[in-house]
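Under mature numbering (1 follows the signal peptide of the UniProt record, and there is no 0), read the sequence shown as residues -20 to -1, 1 to 215, first letter to last. In this text, a Cβ means the ideal position worked out from N, Cα and C, and glycines have one as well. Note sheet for the following structure.
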Amino acid sequence: MLKVALCIFSCGLISFFVRAEDTAVCEQKIIYDIYINGFHTGELQRQIIQKGAELSFLTRSNMSILGIGTTFYQTSNSRYESQQKRYFTSEFYQVMTGFRNRTMKVNISANGLDSHVLLNDKITKYRSKQYLLQDMDTIIMQLQLNVRLGKTHFYTLRQATDEMELFEYQVVGKETLSTQNFGDLETIKVVEIQDRNVTFWFAPSLNYLMIKATNIKGWVLKGTTELKTYTDVCV
């Protein structure tokens, strides 16, 4: 159930592809519809501001989970290192009320391996020996980039509330996806292969925007986010 909520709140993401030499300021606004067990239960709204290799995110969601009104709010900052082709989370702040209640602030070191987590006034420190610690905003950015680069198998490490959570992914191929708002789109399908219950679809024709994410094996809840609208402007 927790992974369903994670997918619902965090899986809708962006289509920016960062070049470190870029100086334009770009803003993107995205709205995803949220479904639980096939029923529309709310929306996820995300605003992204990009300047060069620096990105900031603001995500809000209001929905109902098992009849409980639930809100999610997160701000996060990340940067792109072009030589390594990796995204680094700098910090994120998260508040959730309703189905789950928490306030969390996380700072991650410049090398991406150490984190300082303040969760409901309790401090915990974590250290990764291999993989970068990232939040979900940064993880979906990394998935998007890996798909764009033609990678087929990769890992990410999420800084969760009380643990470091390793994910393993496999690109399983192309799939034509019928969408309510964008018609039929050719997409690249990616699955999280440890328990195979989270699936992502990225659309090359929309600059590899993540079109849909779904949890297909939830015991109680099956969650889906699907792209509704998006706009982007650069100045």
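Exercise. Considering residue 256, what are the terminal residues of the beta strand (DSSP E) in which it resides?
Worked result: Only positions -20 to 215 of the chain appear in this structure, which leaves residue 256 out of reach.
For this session: Say whether the stretch 136 to 143 touches the stretch 97 to 116, bearing in mind that this needs 3 or more beta-carbon pairs closer than 8 Å, one atom from each stretch.
Result: With a cut-off of 8 Å, the stretch 97 to 116 and the stretch 136 to 143 count as touching, because enough Cβ pairs lie within range.
Exercise. Can a CB atom of chain B be found closer than 8 Å to the CB of E172?
Worked result: Judged by its chain identifiers, the structure shown contains no chain B, having just a single protein chain.
Problem set entry | I168 versus Q160: straight-line alpha-carbon distance, rounded | Counted from its first residue, the sequence shown places residue 168 at position 188. Counted from its first residue, the sequence shown places residue 160 at position 180. Straight-line measurement puts the Cα of Q160 at about 18 Å from the Cα of I168.
Problem set entry | Close Cβ partners of I29 (< 6 Å) along its chain, the five nearest in sequence each way excluded | Here residue 29 refers to the residue found at position 49 when the sequence shown is read from its first residue. Taken in chain order, the residues that qualify are E7, S36.
For this session: Measure how close the beta-carbons of Q25 and I11 come, nearest whole angstrom, since I'm counting them as under 8 Å.
Result: Residue 25 sits at position 45 when you count from the first residue of the sequence shown. Residue 11 sits at position 31 when you count from the first residue of the sequence shown. Correct: roughly 5 Å between the Cβ atoms.
Exercise. Where DSSP assigns a beta bridge to K208, which residues make up the other side?
Worked result: Translated into positions along the sequence shown, residue 208 becomes position 228. None; K208 has no bridge partner.
Problem set entry | Assigned exposure category for K192 - 16 Cβ within 10 Å defines buried | Along the sequence shown, one-based indexing puts residue 192 at 212. Per the 10 Å Cβ criterion, buried.
Exercise. In this structure, does DSSP put S70 in helix, strand or coil?
Worked result: As a working note, residue 70 is residue 90 in the sequence shown. Of the three classes helix, strand and coil, the one that applies to S70 here is strand, per DSSP.
For this session: Tell whether a beta-carbon distance below 8 Å holds between S62 and T51.
Result: By 1-based counting over the sequence shown, the position of residue 62 is 82. By 1-based counting over the sequence shown, the position of residue 51 is 71. In this structure, T51 does not lie closer than 8 Å to S62 by Cβ.
Exercise. Can you name the residues that DSSP bridges to K105?
Worked result: By one-based count along the sequence shown, residue 105 stands at place 125. Paired residue(s): H96.
For this session: Would you list the residues sitting across from Q54 in a DSSP beta bridge?
Result: The residue given as residue 54 occupies position 74 in the sequence shown. The secondary-structure analysis by DSSP pairs Q54 across a beta bridge with T39, Q74.
For this session: Return helix, strand or coil for S44, following the three-state DSSP convention.
Result: Here residue 44 corresponds to residue number 64 of the sequence shown, with the count starting at 1. Strand at S44.
Exercise. Does the beta-carbon distance from H133 to Q114 come in below 8 Å?
Worked result: The residue labelled residue 133 in the question sits at position 153 within the sequence shown. The residue labelled residue 114 in the question sits at position 134 within the sequence shown. No, they are not a contact pair.
Exercise. Where do the ends of the beta strand (DSSP E) carrying L165 lie?
Worked result: In the sequence shown, the residue the question calls residue 165 occupies position 185. Here the beta strand (DSSP E) through L165 covers 163 to 172.
For this session: Check the C-beta distance from A33 over to R59 and give it rounded, since I have them as a contact under 8 Å.
Result: Along the sequence shown, read from residue 1 onward, the residue named residue 33 stands at position 53. Along the sequence shown, read from residue 1 onward, the residue named residue 59 stands at position 79. Indeed they touch by this definition, with Cβ atoms about 5 Å apart.
Exercise. Residue range of the beta strand (DSSP E) that V152 falls in?
Worked result: The residue labelled residue 152 in the question sits at position 172 within the sequence shown. Counting along the chain, the beta strand (DSSP E) containing V152 begins and ends at 144 to 159.
Problem set entry | Through-space distance from I14 to H20, alpha-carbon basis | Residue numbering aside, residue 20 sits at position 40 when the sequence shown is read from its first letter. Residue numbering aside, residue 14 sits at position 34 when the sequence shown is read from its first letter. Each residue's alpha carbon lies about 6 Å from the other.
Problem set entry | DSSP-derived helix/strand/coil call for G203 | Here residue 203 corresponds to residue number 223 of the sequence shown, with the count starting at 1. Strand.
Exercise. From this set, S89, A4, L125, which residue's C-alpha is nearest N187's C-alpha?
Worked result: Position 207 of the sequence shown, counted from the first residue, corresponds to residue 187. Among S89, A4, L125, the Cα nearest to that of N187 is on L125.
Problem set entry | Runs of beta strand (DSSP E) lying entirely within the stretch 2 to 28, each at least 3 residues, in chain order | Annotation: the stretch 2 to 28 contains the following complete segments of the beta strand (DSSP E) (minimum length 3 residues), in chain order: 5 to 16.
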